[in-house]
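Asks: Before I ask anything, here is the structure I am working with.
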Amino acid sequence: MLQGMGLPNYGVEEPQLSTWFKPKKRSDVTTTTDWLAPILWEGTFSTQALEKFYRKRNLTVGLAVFARGRFADEYLELFLQSANKYFMPGHRVVFYIMTNNYVKRPSMELRPLCTFQLLLMEEEQWWSDVDLIRMKVLGEHIVAHILEEADFLFSMTADLIFQDDFGVETLGTSVAQLHAWWYFRNTWNYPYERRPQSSAYIPFGQGDFFYSGSIIGGTPQRVLDFIRDYMEGVIHDLKIGLNSTFERHLNKFFFLHKPTKLLSPEYGWDPTFNAPPQVHYVKVALHPERS
Numbered sequence: 001m002l003q004g005m006g007l008p009n010y011g012v013e014e015p016q017l018s019t020w021f022k023p024k025k026r027s028d029v030t031t032t033t034d035w036l037a038p039i040l041w042e043g044t045f046s047t048q049a050l051e052k053f054y055r056k057r058n059l060t061v062g063l064a065v066f067a068r069g070r071f072a073d074e075y076l077e078l079f080l081q082s083a084n085k086y087f088m089p090g091h092r093v094v095f096y097i098m099t100n101n102y103v104k105r106p107s108m109e110l111r112p113l114c115t116f117q118l119l120l121m122e123e124e125q126w127w128s129d130v131d132l133i134r135m136k137v138l139g140e141h142i143v144a145h146i147l148e149e150a151d152f153l154f155s156m157t158a159d160l161i162f163q164d165d166f167g168v169e170t171l172g173t174s175v176a177q178l179h180a181w182w183y184f185r186n187t188w189n190y191p192y193e194r195r196p197q198s199s200a201y202i203p204f205g206q207g208d209f210f211y212s213g214s215i216i217g218g219t220p221q222r223v224l225d226f227i228r229d230y231m232e233g234v235i236h237d238l239k240i241g242l243n244s245t246f247e248r249h250l251n252k253f254f255f256l257h258k259p260t261k262l263l264s265p266e267y268g269w270d271p272t273f274n275a276p277p278q279v280h281y282v283k284v285a286l287h288p289e290r291s
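Taken in order, the sequence shown gives residues 1 to 291; the numbers are from full-length UniProt numbering.
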């Protein structure tokens, strides 16, 4: 169990929705959830209004990425190069790189206000369940120092490539990424965990969206809350002989604890799919070799 998970402060002021969010600009897509959270599509937000708000607050945004073995060798440098260009441009950023090997600083010049931290892991920690260990290690580092260093935190997989600005419009207390494939499918067919004994169980006929596990975000404390629930759920399932997926546990968490902001498939597109007309600009794409 991670120590310090009960910390109560979610605490970064956010702008009034009416000052920056323009849902009626996109009548071709769903822009607001049933619980009134914004769904970000190109054209629905005012970057100028958001920048004016956040510039005064001198924010630090953390971006945690997990890279081992082939992921470190083949994907990490391109991920970081693209993030250096497009992730939170103009704002202070800390890249938290979780790895089991010494990763050399990529051969690029970091833009102003960006820094790296290598979060090295012991070899014996590399269990077969990669998602479990990366969440465990990230949770430990959130408690140890990230809570004090970052106002917002994103956790992403290394097989992503930023293609356009991933800016302050994405900041929120709890941020979920809509799955590129399942967004355009019937809710009934979502691949939720359907075994009632599992802690990730969502019954047929329930659920809102299917969320991708490649991007999660929010305040460091809210990310920590998810890690706590995820680890408890995994341990519960293992004790009764079940093994559900990371994404299914993530979807159960967001089913019970609704995200305050949702990123449209434009923020996590799979290039093997032909982009429908609703997708105007791809902000982040899966590496083509991983598609």
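Beta carbons: idealized from backbone N, C-alpha and C, even for Gly.
Evaluate contact between the region 247-266 and the region 26-41, counting only Cβ atoms and requiring at least three cross-stretch pairs below 8 Å.
Replies: In short, these stretches touch, since the Cβ pair count reaches three.
Asks: Whose C-alpha, out of A64, S27, V93 and F204, is nearest the C-alpha of N186?
Replies: Working through the sequence shown from its first residue, we reach residue 186 at position 186. Among A64, S27, V93 and F204, the Cα nearest to that of N186 belongs to F204.
Asks: Are K136 and I227 touching if we call contact CB-CB under 9 Å?
Replies: Start at 1 with the first residue of the sequence shown, and residue 136 comes out as number 136. Start at 1 with the first residue of the sequence shown, and residue 227 comes out as number 227. Contact flag set, yes.
Asks: Taking P277 as the reference, which of H287, E266 and L286 has the closest Cα?
Replies: On the sequence shown, residue 277 is found 277 positions in, with the first residue counted as 1. Looking at the Cα atoms, E266 is the closest of the given residues.
Asks: I need the DSSP call for A83, collapsed to helix, strand or coil.
Replies: Taking the sequence shown and counting its residues from 1, one reaches residue 83 at position 83. Correct three-state label for A83: helix.
Asks: What ranges does the beta strand (DSSP E) occupy inside the region 36-82, keeping only unbroken runs of at least 3 residues that lie completely in it?
Replies: Entirely contained in the region 36-82, the beta strand (DSSP E) runs reaching 3 residues are, in chain order, 60-66.
Asks: Please report the distance separating the alpha-carbon of T245 from that of G172.
Replies: Here residue 245 is taken as the residue at index 245 of the sequence shown, counted from 1. Here residue 172 is taken as the residue at index 172 of the sequence shown, counted from 1. Each residue's alpha carbon lies about 25 Å from the other.
Asks: So who's on the other strand from F152, going by DSSP bridges?
Replies: By one-based count along the sequence shown, residue 152 stands at place 152. Per DSSP, V61.
Asks: As a quick exercise: from G90, L138 and D225, pick the residue whose alpha carbon is nearest that of D165.
Replies: Sequence index remark: in the sequence shown, residue 165 carries index 165 (1-based). Comparing Cα positions, the closest option is G90.
Asks: Please indicate yes or no: does the CB of M121 lie closer than 8 Å to some heavy atom of the ligand NAP?
Replies: For the ligand NAP, the structure offers nothing, since it holds no ligand at all.
Asks: Grouping DSSP H, G and I as helix and E and B as strand, with all else coil, what is S174?
Replies: Counting from one through the sequence shown, the residue named residue 174 turns up at place 174. Correct three-state label for S174: strand.
Asks: If you compare alpha carbons, which of K85, K52, W269 and L80 is closest to W181?
Replies: To locate residue 181, count along the sequence shown from 1; it is residue 181. Ranking K85, K52, W269 and L80 by Cα distance to W181 puts W269 first.
Asks: Would you call the CB atoms of A83 and L63 closer than 9 Å?
Replies: Numbered from its first residue, the sequence shown carries residue 83 at position 83. Numbered from its first residue, the sequence shown carries residue 63 at position 63. Yes, they are a contact pair.
Asks: Nearest to R92 by alpha carbon, out of L80, T115 and E74?
Replies: In the sequence shown, residue 92 corresponds to position 92, counting from 1. It is T115.
Asks: Classify L7 as helix, strand or coil using the three-state DSSP reduction.
Replies: Here residue 7 corresponds to residue number 7 of the sequence shown, with the count starting at 1. Residue placement at L7 is poorly supported in this model, since its pLDDT is 37, which falls under 50; the coordinates still yield a value, given next. Looking at L7 - three-state DSSP - the assignment turns out to be coil, as it is neither helix nor strand.
Asks: Could you spell out where the alpha helix (DSSP H) holding I227 opens and where it closes?
Replies: Within the sequence shown, the letter at position 227 stands for residue 227. P220 to K239 is the extent of the alpha helix (DSSP H) around I227.
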